[in-house]
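J.: Chains P and U supply the protein sequences, listed in that same order.
Taken in order, the first sequence gives residues 419 to 902; the numbers are from this note's numbering.
Taken in order, the second sequence gives residues 36 to 222; the numbers are from this note's numbering.
Cβ atoms here follow ideal geometry from the backbone N, Cα and C, with glycine treated the same way.
Computed from a predicted structure; not experimentally measured.
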Amino acid sequence: MEELKFTPSDAVWQKVEVQIRERKRRRRFFFWWMPAIVLCTGAGAWFIYSTENGNRETSATEKTESTSSPKGNLNTKIETVPESKTVAEEKSMQPGGEKNSQREQESAITIKTGKNAQAADQIKVNENRIVTGKKKDQVILKEEKPAVAEIKNPDLVNYGEVNVPSPEEKKNPTEAKTKENEQAKTEKPVAEEKPVTEVKPSESEKPVVTEKPNVPEKIIVTDSAANNSVKETAAAVIPSSSKKKKLDFALVLRGGVADMSQFAEGLNKNDRLYASPGNGSVGSGGYSSSPSDSAKIKNGVGFTAGVQLKKSIAKRSALSIGLAYGYYSSSHTTSGIVYADAQFSNSLGTSVVNNYARVGNSSTYKDRYHFIEIPVLYHLQLNKAAKRPILFSGGIAYSYLVGSNAQYYYSATKTYYYDRSLFSRSQLQVRTGISFGLITKMNYPLQLGLQYQYGLSGQWKKSLDLNQHLSFTGIQLSWRLNKK
Amino acid sequence: MIEQRQLIKDCLRGKPKAQKQLYDAFADTMLGVCYRYTKSMADAEDVLQESFVKVFTHLHQYKEEGQLGGWIRKIVVNTALNYLKRSKNYQAELVFHDEGMHPVSDDNPAMNMAVKEIAALIRQLPTGYQTIFNLHAVEGFSHVEIGQMLGIKDTTSRSQYLRARSLLITWMENFESVHPKTNHYAQ
Chain P
419 MEELKFTPSD AVWQKVEVQI RERKRRRRFF FWWMPAIVLC TGAGAWFIYS TENGNRETSA
479 TEKTESTSSP KGNLNTKIET VPESKTVAEE KSMQPGGEKN SQREQESAIT IKTGKNAQAA
539 DQIKVNENRI VTGKKKDQVI LKEEKPAVAE IKNPDLVNYG EVNVPSPEEK KNPTEAKTKE
599 NEQAKTEKPV AEEKPVTEVK PSESEKPVVT EKPNVPEKII VTDSAANNSV KETAAAVIPS
659 SSKKKKLDFA LVLRGGVADM SQFAEGLNKN DRLYASPGNG SVGSGGYSSS PSDSAKIKNG
719 VGFTAGVQLK KSIAKRSALS IGLAYGYYSS SHTTSGIVYA DAQFSNSLGT SVVNNYARVG
779 NSSTYKDRYH FIEIPVLYHL QLNKAAKRPI LFSGGIAYSY LVGSNAQYYY SATKTYYYDR
839 SLFSRSQLQV RTGISFGLIT KMNYPLQLGL QYQYGLSGQW KKSLDLNQHL SFTGIQLSWR
899 LNKK
Chain U
36 MIEQRQLIKD CLRGKPKAQK QLYDAFADTM LGVCYRYTKS MADAEDVLQE SFVKVFTHLH
96 QYKEEGQLGG WIRKIVVNTA LNYLKRSKNY QAELVFHDEG MHPVSDDNPA MNMAVKEIAA
156 LIRQLPTGYQ TIFNLHAVEG FSHVEIGQML GIKDTTSRSQ YLRARSLLIT WMENFESVHP
216 KTNHYAQ
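#1: Count Cβ pairs between the stretch 743-758 of chain P and the stretch 774-784 of chain P that sit closer than 8 Å; are there 3 or more?
#2: Mark Ser880 of chain P as exposed unless 16 or more other C-beta atoms lie within 10 angstroms of its C-beta, in which case mark it buried.
#3: On the DSSP bridge assignment, give the partners of Thr722 of chain P in chain order.
#4: Can you name, in chain order, every residue of its own chain whose Cβ lies under 8 Å from the Cβ of Tyr97 of chain U, other than the five neighbours on each side?
#5: Should Ala199 of chain U be flagged as near chain P, meaning a C-beta pair shorter than 7 Å?
#6: Are the Cβ atoms of Tyr746 of chain P and Tyr787 of chain P separated by less than 7 Å?
#7: Mind checking the stretch 84-96 of chain U against chain P and listing, in chain order, the residues whose C-beta falls within less than 7 Å of any C-beta there?
#8: Can you check whether the C-beta of Tyr58 of chain U is within less than 7 Å of a C-beta belonging to chain P?
#9: Counting pairs of Cβ atoms below 8 Å between the stretch 83-98 of chain U and the stretch 47-67 of chain U, do you hit three or more?
#10: Does Lys880 of chain P come out as helix, strand or coil in the three-state DSSP assignment?
#11: For Trp402 of chain P, which beta-bridge partners are listed by DSSP?
#12: Hey, how far is the Cα of Pro613 of chain P from the Cα of Gln183 of chain U?
#13: Nearest to Gln865 of chain P by alpha carbon, out of P:Ile857, P:Gln871, P:Phe721?
#14: Is there a Cβ from chain P that is less than 7 Å from the Cβ of Gly186 of chain U?
#15: Just to confirm the assignment, what range does the alpha helix (DSSP H) spanning Pro793 of chain P have?
#16: Just tell me which of P:Phe762, P:Met678, P:Arg898 has its CA closest to the CA of Leu665 of chain P.
#17: Interface residues of chain U around Arg898 of chain P at Cβ under 8 Å?
#18: Given a cut-off of 7 Å on the beta-carbon distance, is the pair Tyr835 of chain P and Val771 of chain P in contact?
#19: Could you tell me how far apart the beta carbons of Gln680 of chain P and Asn885 of chain P are, in whole angstroms, since I believe they sit closer than 8 Å?
#20: May I ask which residues mark the beginning and end of the alpha helix (DSSP H) holding Ser86 of chain U?
#21: Under 8 Å Cβ to Cβ from Cys46 of chain U, same chain only, skipping five residues before and after it: list those, please.
#22: Reducing DSSP to helix, strand and coil, say where Ile181 of chain U ends up.
#23: Have a look at the DSSP bridge pairing and note the partners of Gly821 of chain P.
#24: In this structure, does DSSP put Ala199 of chain U in helix, strand or coil?
#25: Could you tell me which chain U residues have their CB closer than 7 Å to the CB of Arg441 of chain P, listed as they occur along the chain?
#26: Shortest alpha-carbon distance to Leu119 of chain U belongs to which of U:Ala79, U:Arg40, U:Arg200?
#27: Taking the alpha helix (DSSP H) that Gly855 of chain P belongs to, which residues open and close that run?
#28: Is Thr437 of chain P close to chain U? Criterion is C-beta to C-beta, closer than 7 Å.
#29: Kindly say whether Thr73 of chain U, judged by its beta-carbon, lies nearer than 7 Å to any beta-carbon of chain P.
#30: At a Cβ threshold of 7 Å, is Lys784 of chain P touching chain U?
#31: Just the chain U side, please: which residues come within less than 7 Å of Thr751 of chain P by C-beta, in chain order?
#32: Straight-line CA distance for Lys728 of chain P to Gly720 of chain P?
#33: Return helix, strand or coil for Gly186 of chain U, following the three-state DSSP convention.
#34: Whose CA, out of U:Ala172, U:Met76, U:Glu208, lies closest to the CA of Glu430 of chain P?
#35: Mind checking Thr191 of chain U: buried by the 16 CB within 10 Å criterion, or exposed?
#36: Who are the Cβ neighbours of Pro807 of chain P in its own chain at under 6 Å, not counting the five residues just before and after it?
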């Protein structure tokens with residue numbers, strides 16, 4: 419039986435080859451991508467977890483005395499929140515809070531807003547502590563306008579639920595399907611064999627041999643017509659690399675400096691606090707008569723890790739779409755976290771918090787942002803040299819904020835607090851950069867370059883008066899994963 | 036041997052030329068093996084294609100303990116069996132019954148027939164008989180091994196094989212009577 423040999427059709431080897439390449443590509447995906455995805459997911463989850471817990475943490479060296487007192491303690495001092503009159507008056511107040519020094523001895527806190535409080539921001543302070551045996555009445559001043567503004571944006575949802583953008587907003591990256599794979603699903607080749615004997619249904623035990631076998635041992639299985647059709651199919655199955663434009667699949671890493679640029683009305687990086695905590699007197703809110711610390715926003719680190727699918731559209735230009743995880747951070751100084759219940763009313767509603775922070779200089783709070791980004795970029799090779807290409811890239815990126823611990827700045831009272839319902843989850847960035855080809859000779863070339871991105875959308879919802887935009891400057895490393 | 040080792044190394048590195056060379060060296064013979072287990076050349080080529088994908092995927096497991104051809108043949112046979120078990124066409128015919136032994140003659144008419152004629156007759160057996168006959172008479176597996184491979188008792192395998200053999204002898208005798216050739220025993 420060793421002598422029984424047949425020549426298989428050409429399509430058999432072609433199918434074998436296609437499947438081998440497919441398995442190799444899948445293996446590469448698992449070896450490189452799965453660890454990268456797992457790493458990014460793990461890092462993101464760790465950061466989100468740590469930032470969620472970070473609301474209770476403080477890096478302050480001093481804490482106000484009220485923070486150590488449980489609710490209902492008779493000896494608790496009242497934590498006073500600096501009052502403000504109209505917003506206009508608020509703005510006109512001198513730094514240092516000279517006007518407020520008169521109210522240091524007052525035990526009741528009244529907060530009034532003027533008739534023309536366009537911003538409709540006010541603070542309701544829910545004092546649960548008991549001082550001098552008397553429970554403080556809650557004093558909630560009402561404006562002519564309703565204290566709690568109606569929610570203007572009906573689409574606003576509590577971020578206890580997930581605000582999932584509509585499918586139109588998100589563009590899912592398409593899988594890297596090469597044309598070889600698509601065309602690899604060819605029809606079965608038509609292979610006709612020259613019958614040696616007629617094969618009848620197996621019901622009858624006696625076979626009928628109609629032809630006397632007079633053919634050589636080695637049977638040519640396919641005839642010429644079948645061969646031609648198979649060859650045509652084969653040509654379609656395996657396209658030549660020179661004719662078809664491949665999709666390039668790359669791993670993209672970026673690292674650099676993140677900055678938060680602010681354009682908030684009344685918010686100045688050099689604004690000074692007119693109150694500081696803990697002056698020691700009972701009932702005092704810790705107002706200081708002296709000019710106090712400045713609120714500063716500092717740069718932080720940023721990095722992204724993701725993948726990119728690039729397709730050349732002309733000789734030296736290409737379009738790409740990617741998917742990445744982005745982490746950005748900044749920091750601001752505070753006077754320390756105040757652990758007290760408070761409600762902040764703003765144009766979106768009321769934020770109920772159990773801690774907040776005032777502008778100060780004694781501690782630093784780190785704002786962290788976690789994004790899922792989908793950049794769509796245009797690439798242009800500026801030079802003709804294939805060995806050392808210089809590439810310009812520019813485009814936009816849709817980014818979705820999946821987690822953050824950033825504090826919202828309430829300018830009326832120069833207070834920071836955390837409320838995740840205030841974030842603008844879907845954001846748009848503009849990106850530009852220049853990169854250089856490194857190690858182009860190998861099958862998996864590297865590119866290194868500089869990148870700049872700026873957030874066109876602010877970090878906070880539009881109806882809020884805080885206008886902060888995230889920007890990033892850094893280095894990008896791009897490593898192509900499919901063979902040249 | 037050195038050439039074969041180098042060929043295997045190149046195949047493991049993913050060189051297309053080396054892989055094609057390996058395929059060309061064994062494809063003809065292995066298609067003959069597939070042919071014996073299937074009912075049509077198209078099915079045989081399907082089995083061959085699956086087999087060689089497995090060969091290249093698991094080539095790193097080949098330890099050079101035996102012939103490379105023998106290692107590939109084992110893969111092909113196992114692939115053919117799996118193919119038969121999966122195929123709806125064949126599943127209905129893969130029925131094993133304990134049957135009595137069929138008397139066989141002492142003549143050996145197979146010597147007068149060409150290999151491919153015998154293969155054609157083997158392929159005309161019911162699938163169960165065909166499979167067991169191939170595994171025992173051609174591949175050389177014992178009935179115990181065949182029982183393990185097919186999930187049947189070794190006694191069932193033995194009886195199926197004897198039944199297949201007796202059928203084949205009958206057909207060969209008929210073939211001889213229709214197409215007489217020089218009979219070695221008659222001389």
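T.: In brief:
#1: yes
#2: The question names Ser, but residue 880 of chain P is Lys in the sequence shown. That one is exposed.
#3: P:Arg672, P:Gly744
#4: Ile43, Leu103, Trp106
#5: no
#6: yes
#7: Gln84, Phe87, Val88, Phe91, Thr92
#8: yes
#9: yes
#10: coil
#11: Since the displayed chain P opens at 419 and closes at 902, residue 402 of chain P lies outside it and no answer follows.
#12: Residue placement at Pro613 of chain P cannot be trusted, given a pLDDT of 45 that sits under 50; what the coordinates show is reported in the next sentence. Spanning the two alpha carbons is a distance of roughly 35 Å.
#13: P:Ile857
#14: no
#15: Run containing Pro793 of chain P: none in the alpha helix (DSSP H); it sits in the beta strand (DSSP E), 781-799.
#16: P:Arg898
#17: In chain order: nothing, as chain U lies at least about 18 Å away.
#18: yes
#19: 7 Å
#20: 76-92
#21: Ala53, Gln54, Leu57, Phe91, Leu94
#22: helix
#23: P:His788
#24: helix
#25: Thr92
#26: U:Ala79
#27: Element bounds for Gly855 of chain P: not the alpha helix (DSSP H) but the beta strand (DSSP E), 844-856.
#28: Position check: residue 437 of chain P holds Gln in this sequence, whereas Thr was assumed. Chain U, which has a Cβ nearer than 7 Å to the Cβ of Gln437 of chain P, makes this yes.
#29: no
#30: no
#31: Within chain U, no residue comes near Thr751 of chain P; the closest Cβ sits about 57 Å away, beyond 7 Å.
#32: 24 Å
#33: coil
#34: One point to set straight first is that residue 430 of chain P is Val, not Glu, in the sequence displayed. Residue U:Met76 is the option with its Cα nearest to Val430 of chain P.
#35: buried
#36: Gln799, Gly855
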